[in-house]
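K.L.:
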Amino acid sequence: ISFVFFLFISRDEQDGEVTKKTKSKLKEYYEMRFDKKVINLPFSTDSINVQQRGFHDYSKDMKLKKNHMNKPLWICSDGFIYLEMFNSCSKQASDFLITIAEPICRPELIHEFQLTIFSLYAAISVGITLDELLINLDKFSKNILPNELVHNITKSAESFGKAKLVLRENKYYIEATDKAELDYLLNNNIIKNARIYSNNNSNNNNGSNNNDQKMKNLFNLNNNFLENKQSSENNEANTANNFLSDIVEEKKQ
Numbered sequence: 220i221s222f223v224f225f226l227f228i229s230r231d232e233q234d235g236e237v238t239k240k241t242k243s244k245l246k247e248y249y250e251m252r253f254d255k256k257v258i259n260l261p262f263s264t265d266s267i268n269v270q271q272r273g274f275h276d277y278s279k280d281m282k283l284k285k286n287h288m289n290k291p292l293w294i295c296s297d298g299f300i301y302l303e304m305f306n307s308c309s310k311q312a313s314d315f316l317i318t319i320a321e322p323i324c325r326p327e328l329i330h331e332f333q334l335t336i337f338s339l340y341a342a343i344s345v346g347i348t349l350d351e352l353l354i355n356l357d358k359f360s361k362n363i364l365p366n367e368l369v370h371n372i373t374k375s376a377e378s379f380g381k382a383k384l385v386l387r388e389n390k391y392y393i394e395a396t397d398k399a400e401l402d403y404l405l406n407n408n409i410i411k412n413a414r415i416y417s418n419n420n421s422n423n424n425n426g427s428n429n430n431d432q433k434m435k436n437l438f439n440l441n442n443n444f445l446e447n448k449q450s451s452e453n454n455e456a457n458t459a460n461n462f463l464s465d466i467v468e469e470k471k472q
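Numbering-wise, our numbering comes out as the position in the sequence shown, counting from 1, plus 219.
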């Protein structure tokens, strides 16, 4: 970085001060290199976004709470989280972070974590809701949660669980209740041909009516996959039989 700055800096021979043009170049380079990045959550901690992180100025994003001395977490806009292990509620915060984030460095006093898409997926899959995740982050945070981070967490978490693979009576089904996700699944011919409908009638003492019926779109993939597997096995068997027949004929000749 100092080498790049050296290339940019040119001094006026008369007054020995940095020219305005050079100052504007320095400012432009600084904003391009550090401040004006569009930061998204990485998929995992081995991502290049984490390994080649570089310098970042958090002074504009960090707005401390009044009771920040009693909180153990510094939460940054790019998903990095720093945990103070000498705080009274550090143990609770550490248990929570292990569930939702990936550890990067954990020395004695300060632990470093990174929120990733895979860690959020793991947290949602064990039953943590988006609201619970944001509420607990805010509860342990010294600073007000950055809007950019809240947006990235919400965008990632809302994309999970829209289609579910369900095992029912020894058969696998894909369930989708969202119309947009259903249309996306129907673009696949195998899934489209396996589409079935089921009516789940709500049981009331007064009986059920048409308004109480909830339609679910299910895809039974077992028959299609079994048929494809059986046909491929038959083709392999026929090929093997033909190969053996050719060998027998050659031996006879």
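We put the CB at the ideal spot given by N, CA and C, even for glycine.
1. Since I believe E331 is in contact with Y301 (beta carbons under 8 Å), could you give me their beta-carbon distance rounded to a whole number of angstroms?
2. Measuring alpha carbon to alpha carbon, tell me which residue in S378, F262 and H287 is nearest T348.
3. By DSSP's criteria, P322 is part of a beta bridge. Which residues make up the other side?
4. Is DSSP giving L302 helix, strand or coil here?
5. Looking only at its own chain, which residues have a Cβ that is under 6 Å from the Cβ of M251, when we skip the five neighbours before and after it?
6. Is the beta carbon of I204 sitting closer than 7 Å to the one on L260?
7. Who are the near neighbours of C324 in its chain, counting only those whose CB is closer than 8 Å to its CB and skipping five residues on each side?
8. Considering V385, what are the terminal residues of the beta strand (DSSP E) in which it resides?
9. For E388, which residues in the same chain have their Cβ closer than 8 Å to its Cβ, ignoring the five residues on either side in sequence?
10. Using the C-alpha atoms, what's the distance from Y416 back to S427?
11. Quick check on the DSSP output: what are the complete alpha helix (DSSP H) runs of length 4 or more inside the stretch 345-384, in order along the chain?
12. Three-state secondary structure (DSSP) at K284?
13. Are the CB atoms of I393 and A382 within a distance shorter than 7 Å?
P.N.:
In brief:
1. Yes, Y301 and E331 are in contact; Cβ-Cβ is about 6 Å, under 8 Å.
2. Ranking S378, F262 and H287 by Cα distance to T348 puts S378 first.
3. F332.
4. In this structure, L302 counts as strand in the three-state DSSP scheme.
5. Since pLDDT at M251 reaches only 46, below the 50 mark, its modelled position is unreliable, and no value is offered.
6. Nothing in the structure corresponds to residue 204, since the chain is present only between 220 and 472.
7. Once the five neighbours on either side are set aside, the close Cβ partners of C324 are H330 and E331.
8. A382 to R387 is the span of the beta strand (DSSP E), which, as asked, contains V385.
9. Excluding sequence neighbours, E388 sits near nothing in its chain.
10. The pLDDT assigned to S427 is 43, lower than 50, so where the model puts this residue is not dependable; a value taken from the coordinates is nonetheless given after this. Straight-line Cα distance between these residues: approximately 18 Å.
11. Runs of the alpha helix (DSSP H) lying entirely within the stretch 345-384, each at least 4 residues long, are 349-359 and 366-376 in chain order.
12. It is coil, neither helix nor strand.
13. Yes, the pair counts as a contact, with Cβ atoms nearer than the cut-off.
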